[in-house]
Amino acid sequence: MTTSTIKRSAPNRDCDLSQPLQDLNANEQLKQRSRYLRGNIAEGLKERLTGAVPGDDTLLMKFHGIYQQDDRDCRNDRAQRMLEPLYQFMVRLRIPGGVLSREQWQGLDAISRRYAERGLRITTRQTLQFHGIRKRELQAFMCAIRDIGLDTIAACGDDSRGVVCGANPALSAIHAEVAALARATSDRLIPRTGAYPEIWYGATPQPPKPQEDPLYGELYLPRKFKVGYVIPPANDIDIYGQDLGFIAVVEDRKLVGFNVCVGGGMGQLDTREDSYPRLAEQLGFIDSAEAPAFAEIVMGIQRDYGDRKDRHRARFKYTLDRLGNDWFLDTLAERRGQPLAPARAIRFTHNGDARGWQQGDDGLWHTTLQIDSGRIDHALRDQLQALFQQYGGRIRLTTNQNLQLTHVAPEEREAVQWRLEDLGLAERLQPDLQEAHTLSCVALPTCGLAMAEAERYTPDFLRVFNRLKEQHGLAQTPITLRISGCPNGCARPYLAEIALTGRAPGLYHLYLGGSFHGHRLAQLYASNANETRIVELLQPLFARYARQRQPQEHFGDFLVRAQLLNPSQPQAATP
Amino acid sequence: MNMATSLATRPLSEAQWQALQPLLRQLDSRQSLWLSGYLAARAEPAESLPLAANAAPPASILIAYGSETGNSEALAWQLAAQATARGIAHDIGNLATVRLRQLAKYQYLLLICSTHGDGDPPEPITAFHTALMEPRAARLPELAYAVLALGDSSYAQFCRTGQEFDERLAALGARALLPRQDCDVDYAEPARHWMSAALDALPQAGASAATVVATATTVAPVASAAQSYSKQRPLTVEVLNNVRLSAPQRRSATHHLELALDVPLPLQAGDAVGVLADNPPALVAAILDVLQLSAEQAVTLDGNAMPLVQALRQQRNLNVCSPRFLEAWATLSGSEELAGIVADSAAQKAFLRSHQLRDIAARYPAHPEPQALVDLLRPMQPRLYDLANSFDAVADELHLTVQHYRYAFGSREESGIASEYLVQLQPGDSLRLYPHRHARFQLPEDPQLPLILIAEGTGIAPYRAFIQHLRASGQHRRCWLLFAEQQFEQDFLYQRDWQQAQADGLLQHIDTVFYQDEPGRNLADLALADANRLRQWLDDGAHLYLCGDTVNLEACEQALQQHYDAQRDASARSWEQLSKDKRIHRNLY
Ligand code: SRM
Ligand SMILES: Cc1cc2nc3c(=O)[nH]c(=O)nc-3n(C[C@H](O)[C@H](O)[C@H](O)COP(=O)(O)OP(=O)(O)OC[C@H]3O[C@@H](n4cnc5c(N)ncnc54)[C@H](O)[C@@H]3O)c2cc1C
Ligand SMILES: Cc1cc2nc3c(=O)[nH]c(=O)nc-3n(C[C@H](O)[C@H](O)[C@H](O)COP(=O)(O)O)c2cc1C
Ligand code: SF4
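Heads up: the sequence lines are chains A and B, in that order. Here numbering that gives the first Met the number 0 is used: the first residue of the first sequence is 0, the next is one more, and so on. Here numbering that gives the first Met the number 0 is used: the first residue of the second sequence is 0, the next is one more, and so on.
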């Protein structure tokens with residue numbers, strides 16, 4: 000640890016906020032011109048010649064939780080037909096900690112039927128996405144979301160994204176405390192601009208006030224900023240993939256505070272050397288009550304020092320690598336008024352969700368419904384609709400793209416179990432072991448960045464993968480597997496034991512050697528491999544693992560121990 | 000076609016050029032054609048316009064690109080800018096819209112193209128790539144080319160598309176100007192070298208001091224035979240492309256047809272062609288079958304001998320029968336029932352409305368002689384289809400917008416003969432047609448007058464031609480398009496063209512109504528939503544056009560007329576007067 004009394008040389012500020020606007024990235028200038036995220040969105044929505052929102056406004060709409068997309072499956076066909084692409088919008092909700100009431104679920108169900116396509120989609124940051132919303136219905140959709148007590152503020156954009164919160168069903172009181180802090184953090188960090196109610200709810204437009212968004216200013220953040228809370232021993236949220244992570248430190252069944260870690264991120268570009276996934280580093284400890292204010296300080300540092308010239312290098316992880324941990328700790332101590340205390344001991348065992356019924360220390364019951372790739376298609380939506388017609392508990396979405404039934408009273412538990420069985424949902428409580436350890440991102444046809452299939456390919460790949468595991472007697476061994484349609488890593492592939500990241504239709508980079516609890520980065524093992532090649536490559540590794548593993552040893556750990564990964568040792572986080 | 004206009008260096012002084020402009024703007028395409036021929040003839044012998052007549056024809060250079068994420072495209076524009084700076088006239092084209100047959104018109108091709116997928120061409124240029132790779136692709140012996148291939152060496156099929164183009168062009172007899180340059184993701188440097196080498200390899204601007212670059216794509220070649228095509232002497236044209244514009248689930252689909260035009264037709268925007276369709280082969284066979292006639296028997300029509308099958312296929316209407324036919328058939332079949340129907344004129348009318356030839360032949364069997372049969376049947380009438388392109392934008396093609404017509408007939412659904420024939424045509428098929436002028440559906444001569452263009456469905460076709468013409472002739476009129484169809488997402492015919500026209504300032508306003516999206520709203524509501532604009536434009540001398548379905552457009556006009564006449568000042572002209580002034584143009588069917 001450094002002490003704040005030692006003054007270091009001034010950090011290099013030639014790419015941050017302190018530079019003249021005209022030297023910064025075009026996106027910065029756009030934000031500045033946008034009158035606190037208003038732009039011309041309201042006018043663009045009225046333009047009837049196109050299903051798109053004209054000009055640069057799509058960038059601003061992200062701050063409001065809305066992505067313009069088009070159905071890539073019919074892009075070519077429509078171009079032939081001299082039609083514009085089938086423009087549509089993906090809307091992501093802000094649900095800090097992923098908690099919903101039964102009534103909210105019913106509302107979301109109805110909204111998805113009325114406005115969206117392909118059901119609902121639980122994301123790897125425990126919220127919901129709707130796909131396929133059309134421009135002319137966007138405002139009505141947003142009002143419908145408001146009417147059930149939810150919003151989409153900052154679900155995307157250069158701001159504080161959805162704050163995630165892990166689970167520990169056994170420690171109910173602590174979970175409640177941490178979840179409340181996650182919500183408080185989200186509420187504290189979201190933009191305050193009046194643009195949102197004006198554009199989406201039809202509030203009377205006001206001229207922008209001088210300090211309309213005090214936390215952000217006109218330029219907002221250089222890039223997205225992700226905060227997460229986790230309660231060991233589960234690392235369900237993948238704390239080492241967050242820009243800022245709070246790891247609950249529990250002593251004597253009491254929350255004493257958080258170890259904080261900074262600078263995680265998955266995204267990378269295959270075309271740039273200076274682009275890489277990075278694990279968050281654990282740097283110290285804070286009292287629990289301080290967490291939301293602490294998050295604001297860290298975000299402020301990134302706001303002021305993050306790279307605003309090169310958008311790819313604008314994430315907090317690069318700011319830290321550019322200016323160094325010592326600089327960060329000094330700046331933090333200065334803004335916070337005291338240095339960080341040393342981190343406490345913590346231990347993670349896995350990064351999946353707990354399975355089966357679990358009882359909390361308050362006597363209430365919790366369980367997880369497996370949702371493959373988080374996709375609630377029309378059939379599953381109907382099943383859930385029936386389930387939630389009567390239900391006294393709460394609903395929680397997980398960062399493993401699952402849906403949990405929580406806070407079920409002991410007297411209701413049996414009835415819920417029966418209903419799950421009646422509706423054909425019970426098998427989701429004890430899913431196929433491999434499915435339960437698999438994540439995949441949305442990719443085609445909606446994601447504009449996808450280079451290969453992910454969500455739609457996963458069932459096919461799993462069949463092949465499971466057969467391979469069976470051949471080696473590994474059917475009962477969980478292996479974390481993650482598939483993403485491009486190197487951005489929305490399914491957090493670089494934290495899995497095995498990962499595929501899309502390169503072109505049918506071709507993937509194969510990454511191996513992450514840890515079962517997500518504290519070590521997987522390494523690139525093969526480039527541009529198709530399915531046959533991937534199987535060929537895994538075959539001998541599974542064979543050796545089956546023969547030579549130690550008791551309880553996970554696949555990723557084995558690969559590292561047996562030095563089967565080339566070339567250097569993989570990078571691992573501190574604990 | 001999405002090519003930027005050629006850069007022309009002119010042998011005229013600025014003053015001469017300026018003096019010429021007002022005249023040129025007034026010429027329609029036939030007049031331009033005439034004038035070009037006149038001037039060319041006047042230029043002989045060589046002294047009066049030495050360069051145009053003597054110098055080698057200007058090198059025609061195409062800079063073409065295939066791009067998915069924009070890198071190749073950006074480089075192509077960079078190259079174009081450098082060429083311009085060196086005074087090298089050229090066209091620039093996106094392979095997404097360039098046609099293979101257009102390549103043959105160029106002597107030089109500078110091609111920049113990336114590779115995508117797993118060694119695949121960029122998505123937008125798939126059609127071009129496929130066409131070039133086809134075994135029967137035309138040879139290109141006159142072409143010299145250079146290829147800059149963009150790629151990423153971390154893919155197995157590095158720069159595959161560029162390589163394919165290179166090899167294929169060579170195989171087709173084209174000559175490489177310089178070796179292909181393959182570029183990795185850091186392409187800036189090698190691209191820069193290649194560009195300057197490629198430009199060095201082209202004939203330089205200085206070489207022939209005043210190269211005249213004919214705007215070849217905008218002037219149709221002169222041909223004397225043009226006027227003589229008619230219903231009787233139709234022109235046979237080849238189908239280049241047939242695109243279904245409607246969604247697959249739509250029953251009455253609208254198609255966009257592109258036909259090769261190797262001789263010019265004396266037509267311009269607003270005109271149409273008459274199409275001579277064939278009856279469906281299955282219908283012809285069914286009729287031969289029910290009448291037990293042999294296909295090969297000879298018959299004579301208008302003095303021409305031909306086999307019966309051809310007469311039935313091409314010359315006779317096999318659906319709708321005439322009263323004369325029915326009378327003759329009553330005799331031929333000896334049916335008393337039919338004779339009874341024929342005797343009562345009301346019954347006869349009703350009968351003919353509900354029975355087509357094959358119904359009659361099946362119900363009242365008869366065995367006419369082949370010649371008697373064809374003499375009794377009504378001749379096949381040509382059907383008119385409006386031009387959907389302007390020859391001054393795309394000179395050597397003819398575009399049609401055709402809706403597959405379907406109607407209920409008794410308990411079955413029937414397809415319109417000509418429209419079904421047209422929408423089923425495949426590239427490479429041929430088709431007979433002749434020019435048809437619409438003297439009353441032309442653009443006003445005065446280039447200042449605003450246009451109000453109202454269409455439903457295929458009625459949009461002539462407006463596409465109008466807009467292409469305005470663009471090509473550099474006219475800046477105020478234009479307002481009002482369009483009705485079924486569904487915004489599936490039926491916005493030529494949506495991209497209208498978006499482009501609006502972005503380019505050719506169309507000031509576009510209003511649409513899609514019946515399924517907004518039930519109850521119609522074209523008149525659309526126009527009257529901005530009634531002030533309508534009045535203002537008409538006061539400014541606007542011409543108003545109505546095109547498409549007769550019933551709906553007549554209803555629209557009536558509503559507009561009522562509103563207009565009720566609101567107008569005493570001094571303003573009435574709708575009827577506007578109509579008499581030939582400011583209301585109708586093309587209804
Ligand atoms: C839905 C979701 C994946 C899923 O299957 O669940 C998702 C989907 C998309 N992500 Fe993501 N990301 C999702 C979690 C993540 C994660 C995981 C996490 O945060 O724990 C990451 C890695 C962590 C990180 O941020 O580094 C992630 C890293 C990215 C990146 C790379 C960012 C970078 O700085 O390198 C992009 C691309 C970008 O922002 O330029 C991206 C962009 C996208 C977009 C919006 C594509 C776009 O920008 O046009 C995808 C929308 C696809 C669609 O059609 O729905 N997404 N994305 C996740 C939604 C999370 C949420 O609710 O907020
Ligand atoms: C000036 C002009 C321009 C045109 N431009 C276009 C254009 O750009 N695009 C376009 O798609 N169309 C256009 N049309 C319409 C086109 O010419 C055809 O009329 C249309 O395609 C239908 O022709 P068809 O041969 O397919 O149908 P047909 O086989 O001729 O049948 C169509 C009509 O005949 C009736 N019919 C036929 N047989 C019977 C029967 N036995 N009993 C009762 N009714 C019967 C149908 O009810 C219907 O009214 C235009 C027409 C005109 C006059
Ligand atoms: C999904 C995808 C697949 C690609 N596949 C290949 C490939 O197979 N071979 C290759 O040489 N380059 C490949 N590339 C790299 C592109 O050719 C390269 O990025 C090029 O600069 C793109 O140029 P453009 O923007 O003009 O399309 C691929 C790129 C993407 C995004
Ligand atoms: S990983 Fe890539 S393909 Fe998948 S959702 Fe994220 S951006 Fe899209």
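Glycine is no exception: its CB is placed at the ideal position from the N, C-alpha and C atoms.
Contact with chain A is absent for Arg179/B, since none of that chain's Cβ atoms lies less than 8 Å from the residue's Cβ. In this structure, His354/B sits away from Leu290/B, with a CB-CB distance that is not shorter than 8 Å. Its Cα nearest to that of Arg277/A, the residue Gln267/A stands out among Leu82/A, Asn529/A, Ile482/A, Gln267/A. Taken atom to atom, the span from the alpha-carbon of Tyr384/B to that of Glu556/B is near 22 Å. Inclusion of Cys485/A in the 7 Å shell around ligand 4 follows from its C-beta lying nearer than that to a non-hydrogen atom of the ligand.
A straight-line Cα-Cα distance of about 10 Å links Asp199/B and Ala82/B. Distance from the CA atom of Phe487/B to the CA atom of Asp235/A, rounded to whole angstroms, is 44 Å. Secondary structure at Pro449/B: coil, using DSSP grouped into helix, strand and coil. Judged by DSSP in its simplified three-state form, Glu496/A adopts coil rather than helix or strand.
Below the 8 Å Cβ cutoff, chain B contributes Asp117 as neighbours of Gly505/A, in chain order. Contact of Thr500/A with chain B by beta-carbon distance below 7 Å is absent, the smallest such distance being about 13 Å. As for any alpha helix (DSSP H) of minimum length 4 sitting wholly inside the segment 391-442 of chain A, the runs are 409-421, ordered along the chain.
Taking a beta-carbon distance threshold of 8 Å, Leu537/A does not count as an interface residue toward chain B. If the five residues before and after Pro477/A are omitted, its C-beta is found closer than 6 Å to the C-beta atoms of Leu432, His436, all from its own chain and listed in chain order. Leu239/B is not a Cβ neighbour of Glu412/B, given a cutoff of 8 Å.
Ligand 3 has a heavy atom closer than 7 Å to the beta-carbon of Ala503/A.
Annotation for His254/B: no alpha helix (DSSP H) segment contains it, though the beta strand (DSSP E) segment containing it runs 253-259.
Between the alpha carbons of Leu545/B and Leu386/B lies a distance of about 15 Å. Only residues of its own chain outside the window of five on either side were considered, and among them His130, Gly131 have a CB closer than 6 Å to the CB of Glu116/A, listed in chain order. A direct Cα-Cα distance of roughly 55 Å separates Tyr433/B from Ser153/B.
A residue is called buried once 16 or more other Cβ atoms fall within 10 Å of its Cβ, and Gln494/B is buried on that count. Its chain contains Pro449, Ile451 as the residues whose beta carbon lies nearer than 6 Å to that of Ala541/B, once the 5 sequence neighbours on both sides are disregarded; these appear in chain order. Contact annotation, Leu220/A with Asp273/A: C-beta distance approximately 20 Å; criterion of less than 8 Å not satisfied.
For Met60/A, the shortest C-beta to heavy atom distance toward ligand 1 is 7 Å or greater.
Per DSSP, reduced to three states, the secondary structure at Phe557/A is helical.
Taking 7 Å as the cut-off between beta carbons, none of the residues of the segment 410-422 of chain B comes near chain A. A Cβ-Cβ contact shorter than 8 Å links Glu419/B with Pro279/B.
Using a 10 angstroms sphere on the CB of Asn11/A, the tally of other CB atoms stays under 16, which defines it as exposed. When C-beta atoms of the segment 462-477 of chain B are compared with those of the segment 268-282 of chain B, three or more pairs fall below 8 Å, so the two segments count as touching. Contact annotation: in the segment 510-531 of chain A, residues whose CB is within less than 7 Å of a CB in chain B are Ser526, Asn527. Burial is judged here by how many other beta carbons sit within 10 angstroms of a residue's own beta carbon; Val441/A has at least 16 and is buried. Selection Ile124/B, Glu141/B, His115/B, Thr68/B evaluated against Ile60/B yields Glu141/B as nearest (Cα-Cα). The DSSP-derived three-state label of Tyr200/A is helix. Around the beta carbon of Tyr524/A, 16 or more other beta carbons sit within 10 angstroms, so the residue counts as buried. Taking all protein chains in view, the Cβ of Thr397/A is crowded by 16 or more other Cβ atoms within 10 Å, so the residue is classified as buried.
The beta carbons of Ile230/A and Ile285/A sit about 16 Å from each other, so the pair does not count as a contact at 8 Å.
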